[in-house]
Each structure stands twice: as structure tokens, then as C-alpha cells.
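These notes are about the structure you will find just below.
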Amino acid sequence: MKKYIMGTLLIGLIMILAVGCSKGETSKKETETAGKFTAGTYEGVSKGHGGEIVAKVTVSTDKIESIEISATGETGTIGDGAINQLTEQIIGTQSLAVDAVAGASESSNGILEAVTKALEKAGADITALKDPANKLVVEQKKQEDMNVDIVVVGSGGAGLSAAIEAKEAGKSVVILEQMPIIGGNTNRATGGLNAAETTIQADNGIKDSKKVFYEDTLKGGKGKNDPALLQTLVDNAPDAIYWLNDMGAGIARVSLSGGATNPRIHTPADGSPIGPVVVETLSKKLKELKVDIMLQTKAVKLITENGAVTGVEAVDKNNNSFKVNAKAVIMATGGFGANSEMVVKYRPELKGFSTTNHSGATGTGIAMAEEAGADLMQIGEIQIHPTTDPKSGYLFTEGLRGDGAILINKEAKRFTNELLTRDVVSQNILKQRDKVAYLITNQAIADDNASLAGYIKDGYAKKGDDIASLAKELGLDATTLEATMKTYNQFIKDGKDTEFERVHLTHSLEQGPFYAIEVTPGVHHTMGGLKIDTKTHVLNKEGKVLSGLYAAGEVVGGVHGGNRIGGNAVADIIVFGRIAGQTAAAELK
């Protein structure tokens with residue numbers, strides 16, 4: 077009986093073990109053959125630069141099929157560029173081991189976080205997806221040589237404007253852009269577009285003249301501006317605004333900028349930064365015109381034949397070389413503010429300065445054109461902007477000072493007329509303790525200026541409900557700051573600044589809440605560059621036209637002289653970008 081029971085128990089144990097093994101083997105097999113994801117569409121949400129980013133990710137059991145990103149708060153084409161490239165990379169490599177898009181790192185990180193959260197809901201192994209070893213190898217296709225009428229090098233405001241005019245003239249056009257997103261430094265333009273005698277000024281009861289605009293710019297440029305180029309800028313600036321508005325830019329507000337006698341800096345209606353609006357407006361038009369923009373494609377050398385420029389040598393995003401044969405080349409690569417070695421070469425005293433420029437502003441277009449025989453003009457004229465973030469170099473628009481903000485130092489005192497030219501205000505800040513100052517504003521200015529509202533939202537500003545609490549936030553003497561503010565507000569009531577002779581006392585700073593933004597000067601604009609004539613032909617060292625080569629924007633010298641007035645850069649890129657496209661198209665044989 078005992079043997080029978082023992083035998084029965086033994087058989088039962090064997091059966092249990094067999095079943096257990098069978099289940100274990102089945103589970104293992106199922107694990108091996110099961111997909112990476114639970115098929116379906118999942119949503120992930122994260123915070124980007126300008127607000128909420130939502131990712132809708134559709135997966136099959138073993139593949140990321142599609143990604144849809146909603147990021148309405150991200151900056152126009154910057155957000156679009158990050159979305160397009162990151163989604164393409166993630167789907168192409170079936171991996172989250174992708175790099176942030178240069179120039180759009182905050183948007184990139186927000187997009188990646190949202191996609192990751194969606195994939196977590198799909199049951200993905202996130203660690204495995206972030207492991208570079210698991211990335212699929214994407215076939216790299218070499219860009220073939222191209223033949224076009226006009227090649228535009230650079231996709232900032234000047235390049236985009238030139239491409240639109242050339243395409244609308246019936247020419248075949250391609251744009252080469254070395255960065256992963258379009259826009260260049262134009263993306264970072266915060267102020268507006270200067271123009272005189274505009275209908276917008278008239279509608280706002282502002283009296284101004286092109287003559288005064290010319291004189292202000294010549295004075296601000298220390299008399300070094302090329303007179304013909306300056307006159308071309310002044311004469312064509314109003315049409316630049318109307319042209320942009322015809323495409324939907326919505327430029328309808330006029331304010332004052334440093335160095336201007338009258339309010340003439342034109343901005344979007346809500347005071348938003350002008351740059352992203354310009355880039356988005358122009359890019360939409362280029363999409364309608366079906367102009368090809370080749371991102372991560374770097375021009376490295378101009379092709380010349382018998383003294384004429386006939387195209388460019390370039391490398392594609394996979395570092396493969398190819399040629400673009402063209403009847404005309406428009407150089408619109410911007411300046412060299414982000415090339416510290418080049419800056420220091422011409423201005424040794426600027427060693428160690430931060431820059432407001434994007435990382436692609438390295439002077440490559442100047443170097444290429446000079447190698448092909450182009451002459452340079454005023455290459456040592458480099459501007460520092462007075463109000464940039466001491467840590468990041470982020471630029472705060474001088475429209476804040478035009479709208480009523482003042483500058484104080486660490487002694488809680490004003491030390492300058494805030495509306496002097498950039499070079500003078502910058503030098504005055506550099507004389508203060510720690511070479512920093514504070515922009516003082518209030519809620520009333522923020523309510524009227526979307527740029528300031530954005531700075532506050534992004535954490536650049538310290539807040540105080542009253543002056544004493546603001547002083548405490550800044551570690552300043554409250555009694556001194558209160559006296560400074562009382563004096564300034566009395567100047568506004570009297571209509572006269574007896575301390576620093578500031579005119580246009582436009583906005584009282586009596587009512588809080590109050591805000592303060594710490595600022596310091598940073599390398600901002602390189603006024604020197606290629607020598608051109610009023611039709612944007614690049615000139616050689618003998619003063620003759622370098623056939624086939626045109627240039628516009630910050631790559632050019634002479635327009636701004638020894639110092640650029642705020643608001644003139646955007647006018648410059650649109651005016652001369654348009655002329656370059658028109659001239660190149662008209663002169664094609």
C-alpha cells in the first residue's frame with residue numbers, strides 16, 4: 077500500500093514537473109516570437125520650448141509604423157524641422173537612439189520624450205530602443221550632381237527671399253543649407269524691420285521720413301556705411317514689409333529702437349519676435365512654389381570657369397561630395413559671429429565673449445567667395461548686442477527698451493540712456509560691476525509685448541510684486557532702487573530725462589508687478605563681409621563684377637558701417653535678398 081501511494085505521488089510529481097516544463101517552454105517560445113509592441117496607436121505628452129507636445133505613435137507588433145506630432149507652441153520652422161527629422165530618424169532606424177536636431181534642442185528633447193512615453197504605453201523595451209547597438213542601418217544614398225539655373229547657399233531670410241524672387245521669375249532654383257533646420261540667424265531675430273514713410277506708420281500717426289532714416293543709420297554706422305547700399309536699403313524697406321504682409325506676415329505694429337529718431341521698427345501685431353514670423357512666412361511660400369531646400373548639405377567651394385562662378389561643390393548629409401552646376405550662385409550664408417577664432421582674428425578684444433548667433437554662422441560663405449576672388453569690406457566691424465543672457469547668449473529684444481524698459485546696475489542705479497546705439501549701451505554695461513545690468517520692466521509692458529511675456533514664461537525674469545520685493549529677489553538695496561524708480565517715473569511725468577537725456581519717455585513704471593532680466597553684451601552681428609554693388613553683384617579686388625556670383629544679408633559688408641541699428645538687419649536681408657533673386661534671374665542667358 078505504501079509503495080502504491082509513493083508510486084502515485086511520484087507519477088503525480090513527474091506530471092506536475094512535465095506540465096511545468098511544458099508551460100515554461102511554451103512561454104519562452106511565445107516570448108521569442110512575440111512582437112516588440114502591442115499593436116495600436118498610443119499617445120505621449122511632454123513639455124517643449126513653447127508648450128505641450130503631443131505624439132501619436134502607431135505600432136504593429138514588431139515595428140514603429142508612424143508618428144504624428146502636435147506642437148503648436150514650438151517656434152514655426154524650428155519645431156517643424158525638428159519634427160520632420162526626428163520622426164524620419166526614429167522610423168527609419170526603429171530606434172530612440174537619435175540625436176537632437178542642432179538649433180532645435182529643446183523642441184527635439186520634448187519630441188523624443190513624448191514619443192518615448194507613447195512607446196512605453198505600447199509595452200516597448202525603452203532601454204533597448206535607446207541602445208545604439210539596436211539601430212537598424214539605413215541605406216545611405218549619395219546625392220547625384222545637379223543642374224539648375226540658380227543655386228542659393230543659405231536659408232536665412234536673405235536666401236529664402238532670393239529663392240522666391242528667382243523662382244517667381246521662372247527659374248529653376250535649389251537652396252543648400254548646412255544646418256538641419258532652415259532660418260539661420262533670422263530665427264533669432266527678435267526686434268522688427270525698420271522702414272520709413274510706411275502706411276503702417278501713417279495709420280498710427282507716426283511722422284517719419286526716409287531722409288531721417290538714412291541719417292540715423294549713417295550716424296549709427298559711424299559714417300562708414302556705403303552710401304549707395306544704404307540708400308538702396310532705405311528706399312526699398314517699405315516694399316519689403318508690404319511684400320511680407322502680402323504673404324501673410326501680419327506686420328502691423330510700430331515701436332522705437334535704439335539709434336532711431338522716430339518709431340520705425342515694424343513688428344508683428346502682438347509684438348512677437350520678427351524672425352520666426354519671417355522664416356515661416358517665406359518657407360510657406362517656397363513650399364507653394366515647390367522649391368527644393370536641401371538640409372544638412374554644405375557648400376564647400378565655388379566652381380569657377382574662365383573667371384566666372386558656375387556652381388558649387390558640396391557635401392550631402394552623408395558626407396558624400398557632389399556638384400551643383402548653375403548659371404548663377406547667390407551667397408546668403410550669413411556672418412561669422414559663431415566663429416570665435418575668426419572674430420578674435422579681427423577683434424582680439426572680443427576673446428571670450430558669448431554670441432547670440434546660431435552655430436552655423438561661421439563665415440564659410442565669406443571664405444568660399446574670397447577664395448574665388450571676391451573682395452572684402454570692413455571685415456573687422458563686429459557688433460556686440462547689449463542685452464543678452466549671461467549664461468546662454470540668448471538675445472532679449474531692444475524693443476523692450478523702446479517700449480519703456482530701463483537699465484540698472486548692481487548698485488540699483490540707472491547708468492545710461494537706454495536708447496543710445498547698441499555699441500554705446502554695450503560699452504556702458506561693460507563698465508558696470510561684473511559687466512552685467514538688469515532690464516527693469518512691469519506687467520503693463522508684458523501685456524503689450526509678446527516677446528517679454530515669452531521671456532517671463534521661459535524663466536529669464538525675476539518677479540516682484542513691488543519694488544522692494546524685486547530688490548530682494550535681485551539682492552539689491554531696496555531704498556536705492558525705489559529712489560531710482562521714483563526719479564525715472566518723475567521724468568516721465570515731466571516729459572524730460574534730466575539725468576541721461578532719454579527721449580521717448582513712453583511708459584510709466586509705477587505699477588507692478590515688476591520684472592528684472594539680467595543682461596550682458598554678446599557678439600551679435602558682423603557688419604563686414606563681401607563687397608557688393610547695389611544690384612548685389614559680388615565685386616573682385618579690382619572693383620569689377622565677379623560674374624555669376626551674387627550676395628545678400630550678413631555675408632555682405634558696407635550696408636551697416638561701423639555699427640548696425642536695431643531693426644536694420646531684417647530690412648537688409650529682405651531688401652537685398654529680393655534684389656539678388658531678381659538680378660540673378662534677369663541676367664541669366
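Per this note's numbering, the sequence shown runs over residues 77 to 665. Even glycine gets a Cβ: it sits at the ideal position worked out from N, Cα and C. All of these numbers come straight from a predicted model, not from anything done at the bench.
| Asked | Found |
| --- | --- |
| Length-filtered (3 minimum) beta strand (DSSP E) runs lying within the stretch 199-283 | 222-229, 249-252 |
| Buried versus exposed call for residue 175 [16 or more other C-beta atoms within 10 Å across all chains shown] | exposed |
| Cross-strand partners of residue 342 (DSSP beta bridge) | 269, 330 |
| In DSSP terms, what residue 490 is bridged to | 484 |
| Buried or exposed by the 16-neighbour rule on C-beta atoms within 10 Å, applied to residue 171 | buried |
| Three-state class that DSSP yields for residue 595 in the structure shown | strand |
| Stretch-stretch touch, CB-based, cutoff 8 Å, three pairs: the stretch 247-263 with the stretch 272-292 | no |
| Residue 515 (DSSP reduced to helix, strand or coil) | strand |
| Neighbour-count burial assignment, residue 397, 16 or more Cβ in a 10 Å radius | exposed |
| Per-residue DSSP class, three states only, for residue 665 | coil |
| 6 Å CB neighbourhood of residue 605 in its chain, flanking five on each side removed | 442, 631, 632, 633 |
| Inter-stretch contact (C-beta, 8 Å, three-pair minimum) for the stretch 508-520 and the stretch 579-589 | yes |
| Contact under 8 Å by Cβ, residue 614 with residue 628 | no |
| First and last residue of the uninterrupted alpha helix (DSSP H) at residue 531 | 526-533 |
| Residues that DSSP places opposite residue 144 in a beta bridge | 132 |
| 8 Å contact criterion, which residue 32 and residue 331 should meet: CB distance rounded | A query on residue 32 cannot be resolved here, the shown segment of the chain reaching from 77 to 665 and no further. |
| Residue 82 versus residue 117: straight-line alpha-carbon distance, rounded | The pLDDT assigned to residue 82 is 37, lower than 50, so where the model puts this residue is not dependable; a value taken from the coordinates is nonetheless given after this. Distance between the alpha carbons of residue 82 and residue 117: 56 Å. |
| Rounded separation between residue 291 and residue 285 - CA only | 10 Å |
| Close Cβ partners of residue 371 (< 6 Å) along its chain, the five nearest in sequence each way excluded | 253, 256 |
| Exposed unless 16 or more other CB atoms sit within 10 angstroms - verdict on residue 403 | buried |
| Alpha-carbon to alpha-carbon, residue 390 and residue 185 | 30 Å |
| Closest by C-alpha distance to residue 259, when choosing among 481, 232, 426, 268 | 232 |
| N- and C-terminal bounds of the alpha helix (DSSP H) containing residue 350 | 350-365 |
| Cutoff 7 Å; reference residue 446; Cβ partners in own chain excluding five residues on either side | 452 |
| Element boundaries [alpha helix (DSSP H), containing residue 292] | 286-296 |
| Alpha helix (DSSP H) segment containing residue 185, residue limits | 181-197 |
| Euclidean distance between Cα positions of residue 137 and residue 200 | 10 Å |
| Nonlocal neighbours in the same chain, by C-beta distance under 6 Å from residue 222, ignoring five residues either side | 400 |
| Per DSSP, cross-strand counterpart(s) of residue 625 | 405 |
| Same chain, Cβ closer than 7 Å to residue 561, five either side skipped, listed in chain order | 543, 585 |
| Unbroken alpha helix (DSSP H) run spanning residue 561, endpoints | 554-570 |
| Buried versus exposed call for residue 459 [16 or more other C-beta atoms within 10 Å across all chains shown] | buried |
| Test item: CB-CB of residue 269 and residue 327 under 8 Å | yes |
| C-beta atoms of residue 656 and residue 313 nearer than 8 Å | no |
| Pairwise C-alpha distance: residue 308 and residue 280 | 25 Å |
| Contiguous alpha helix (DSSP H) assignments of at least 4 residues, all confined to the stretch 436-490 | 440-447, 475-479 |
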